[in-house]
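Q: In the working numbering, the protein residues as written are 2 to 282.
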Amino acid sequence: MGKFINPLTDFGFHRIFGQEVHKELLIDFLNQLLAGERDIADVHFLNPIRTPDTADGREAVFDVYCTDSDGARFVVEMQNARQPYFHDRGLYYLARAIAEQGQRGKEWDFRLSPVYGVFFLNFKTRENGKFRTDVILADRETGERTSDRLRQIYLELPYFRKRQEECETDFERWIYLLKHMETLDRMPFETRKAIFDKLLDVADVASLSKEERMRYDATLKQYRDYYNTVTYAKEEGFQKGMEKGKKDALLTTARNLKAAGIPLPVIQECTGLSIEEIERL
């Protein structure tokens, strides 16, 4: 086991970003993520379990849910497993955070606080994609923003490929640390920012209590079991694809030889196919 926890596990992600005692980590990360756009002085954690409005409604459970001192709300999620409708899920979560701002009575003027969704994705949503995708409400023709009340930011970690020496901003250094933390044995940006020292202090496995270590070990096992399963499935699929490709090539060769009038026994010797397989072509 490494010196630092894996922040992509449920336990690791919540320990770094979801605890009041360490909230300066979340504040700094959000400020780097939204540099030049928002300056967050403080956050207050909200109940991440959002109960449904009706008896048969669906409960929503956020990884991290908080509001800043200006009233903006943040839903911060880590997703390791690929889901076909994850973007829809993200939109649903933000819609819940918007809808619950509604107030009873005729006096409410529909003024809303901004809602931000920050989604770490430990997989690619599509090939030839990109690391960061920012979704805003804007006019389709002009690109002009129509509202700043809804914002989605998707961070696809497999597309972040910068090496340590290539990280130019504190945001990039944050992502580098989150992606590689489990393999580190020391602080790589020690002269850059005190918050990074704090991050690795919080993430140090030696700082965990016995109960925390047990919880972390359980979520780490779950994380590794999932990725071992995915890796095995990919390897199996690749092997089967190779076998199918080889067989398809042999069938094509046999079909061409047969069309050229080559005797079946000769085709069988060249391709290894049975006479029955060749006759069916």
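Yeah, the Cβ is synthetic: ideal placement off N, Cα and C, and Gly gets one too.
Suppose contacts are defined by Cβ-Cβ distances below 7 Å. Is Phe18 in contact with Val77 by that definition?
A: Taking the first residue of the sequence shown as 1, we reach residue 18 at position 17. Taking the first residue of the sequence shown as 1, we reach residue 77 at position 76. Yes, they are a contact pair.
Q: For Ala255, count the other beta carbons within 10 Å of its own beta carbon; 16 or more makes it buried, fewer makes it exposed. Which is it?
A: Taking the first residue of the sequence shown as position 1, residue 255 is located at position 254. Buried: at least 16 other Cβ atoms inside 10 Å.
Q: Going by beta carbon distance, what residues of the same chain come within less than 8 Å of Thr290, once the five residues before and after it are set aside?
A: Residue 290 lies beyond the residue range present for the chain, which begins at 2 and ends at 282; the question has no answer from this structure.
Q: So which of Tyr160, Gly103, Phe12, Asn32 has the shortest CA-CA distance to Asp171?
A: Counted from its first residue, the sequence shown places residue 171 at position 170. When each option's Cα is compared against that of Asp171, the closest is Asn32.
Q: Among the residues of its own chain, which have a CB less than 8 Å from the CB of Gln84, if the five just before and after it don't count?
A: Position 83 of the sequence shown holds residue 84. Closer than 8 Å at Cβ, skipping near neighbours: Arg90.
Q: Determine the contact status of Pro189 and Gln153, defining contact as a CB-CB distance below 7 Å.
A: Working through the sequence shown from its first residue, we reach residue 189 at position 188. Working through the sequence shown from its first residue, we reach residue 153 at position 152. No. Outside cutoff.
Q: Report yes if the C-beta distance between Leu156 and Arg133 is below 7 Å; otherwise report no.
A: Walking along the sequence shown from the start, residue 156 turns up at place 155. Walking along the sequence shown from the start, residue 133 turns up at place 132. Yes, these two residues count as a Cβ contact at 7 Å.
Q: Taking all protein chains shown into account, decide if Ala82 is buried (16 or more other Cβ within 10 angstroms of its Cβ) or exposed.
A: What you label residue 82 is simply residue 81 of the sequence shown in a count that begins at 1. Exposed is the call here.
Q: Go ahead and label Asp249 buried or exposed: buried means 16 or more other beta carbons lie within 10 angstroms of its beta carbon, across all protein chains shown.
A: For the purposes of this step, residue 249 is taken as residue 248 along the sequence shown, with counting starting at 1. Classification for Asp249: exposed.
Q: Mind checking which residues open and close the beta strand (DSSP E) that includes Leu307?
A: Lying outside 2 to 282, the shown extent of the chain, residue 307 is not represented and no answer is given.
Q: Count the other C-beta atoms from every protein chain shown that fall within 10 angstroms of the C-beta of Pro159, then say buried if there are 16 or more, exposed otherwise.
A: In the sequence shown, the residue the question calls residue 159 occupies position 158. Pro159 comes out exposed.
Q: Keeping to the same chain, check which residues put their C-beta closer than 8 Å to that of Phe87; ignore five residues upstream and five downstream.
A: Stepping through the sequence shown from its first residue, residue 87 is reached at position 86. Closer than 8 Å at the Cβ level, and outside the excluded window around Phe87, lie Gln80, Phe120, Leu122, Thr126.
Q: Can at least three beta-carbon pairs, one atom from the segment 174–185 and one from the segment 141–150, be found at a separation below 8 Å?
A: At 8 Å Cβ cutoff, the stretches do not touch.
Q: Taking only three categories from DSSP, how would you classify Phe75?
A: Position 74 of the sequence shown, counted from the first residue, corresponds to residue 75. Reduced to three states, the DSSP call for Phe75 is strand.
Q: Report the three-state DSSP secondary structure of Gln153 (helix, strand or coil).
A: As a working note, residue 153 is residue 152 in the sequence shown. Here Gln153 sits in strand by DSSP.
Q: So which of Lys107, Ile41, Asp198, Leu95 has the shortest CA-CA distance to Ser70?
A: The sequence position of residue 70 within the sequence shown is 69, counting from 1. Minimum Cα distance to Ser70 is reached at Ile41.
Q: Where do the ends of the alpha helix (DSSP H) carrying Tyr93 lie?
A: For the purposes of this step, residue 93 is identified with residue 92 of the sequence shown, where counting begins at 1. 87–100 is the span of the alpha helix (DSSP H), which, as asked, contains Tyr93.
Q: Nearest-angstrom Cα distance between Lys211 and Arg187?
A: One-based indexing of the sequence shown puts residue 211 at position 210. One-based indexing of the sequence shown puts residue 187 at position 186. Between Lys211 and Arg187, the C-alpha separation is close to 23 Å.
Q: Flag this pair as yes or no: are the beta carbons of Tyr227 and Thr10 separated by less than 7 Å?
A: Here the question's residue 227 lines up with position 226 in the sequence shown. Here the question's residue 10 lines up with position 9 in the sequence shown. It is not a contact, given that the beta carbons lie outside the stated cut-off.
Q: My understanding is that Arg216 touches Phe30, with C-beta atoms under 8 Å, so please give their C-beta distance in whole angstroms.
A: Sequence index remark: in the sequence shown, residue 216 carries index 215 (1-based). Sequence index remark: in the sequence shown, residue 30 carries index 29 (1-based). Between Phe30 and Arg216 the Cβ distance is about 23 Å, and since that is not below 8 Å, they are no contact.
Q: Is it the case that the Cβ atoms of Asn7 and Glu183 are separated by a distance below 7 Å?
A: Within the sequence shown, residue 7 is the residue found at index 6, counting from 1. Within the sequence shown, residue 183 is the residue found at index 182, counting from 1. It is a contact, given that the beta carbons lie within the stated cut-off.
Q: Which residue or residues does DSSP assign as beta-bridge partners of Ser148?
A: Mapped onto the sequence shown, residue 148 falls at position 147. In DSSP, Ser148 forms a bridge with Leu138.
Q: Any idea if Gly118 is buried or exposed, counting beta-carbon neighbours within 10 angstroms, 16 or more meaning buried?
A: Residue numbering aside, residue 118 sits at position 117 when the sequence shown is read from its first letter. That one is buried.
Q: State the DSSP-derived secondary structure class of Ile279, mapped to helix, strand or coil.
A: Numbered from 1 along the sequence shown, position 278 holds the residue referred to as residue 279. Of the three classes helix, strand and coil, the one that applies to Ile279 here is helix, per DSSP.
Q: Select from Asp202, Arg39, Leu265 the residue whose C-alpha is nearest the C-alpha of His23.
A: Working through the sequence shown from its first residue, we reach residue 23 at position 22. Selected option, being the one with the closest Cα: Asp202.
Q: Along the alpha helix (DSSP H) that carries Val206, what are the first and last residues, could you check?
A: As a first step, residue 206 is located in the sequence shown; it is residue number 205 there, counting from the start. Taken as a continuous stretch (DSSP letters only), Val206 belongs to no alpha helix (DSSP H), as it is neither H nor E.
Q: The beta strand (DSSP E) with His181 in it runs from where to where?
A: To locate residue 181, count along the sequence shown from 1; it is residue 180. Element bounds for His181: not the beta strand (DSSP E) but the alpha helix (DSSP H), 171–181.
Q: So, are the CB atoms of Gln269 and Ile276 less than 7 Å apart?
A: What you label residue 269 is simply residue 268 of the sequence shown in a count that begins at 1. What you label residue 276 is simply residue 275 of the sequence shown in a count that begins at 1. Cβ distance < 7 Å, so Gln269 and Ile276 count as in contact.
Q: Are Leu252 and Leu26 touching if we call contact CB-CB under 7 Å?
A: What you label residue 252 is simply residue 251 of the sequence shown in a count that begins at 1. What you label residue 26 is simply residue 25 of the sequence shown in a count that begins at 1. The answer is no: Cβ separation not under 7 Å.
Q: What residues in its chain sit with their C-beta under 7 Å from that of Phe5, if we drop five residues either side in the sequence?
A: Here residue 5 corresponds to residue number 4 of the sequence shown, with the count starting at 1. Once the five neighbours on either side are set aside, the close Cβ partners of Phe5 are Met182, Glu183, Leu185, Leu201, Ala204, Asp205, Val206.
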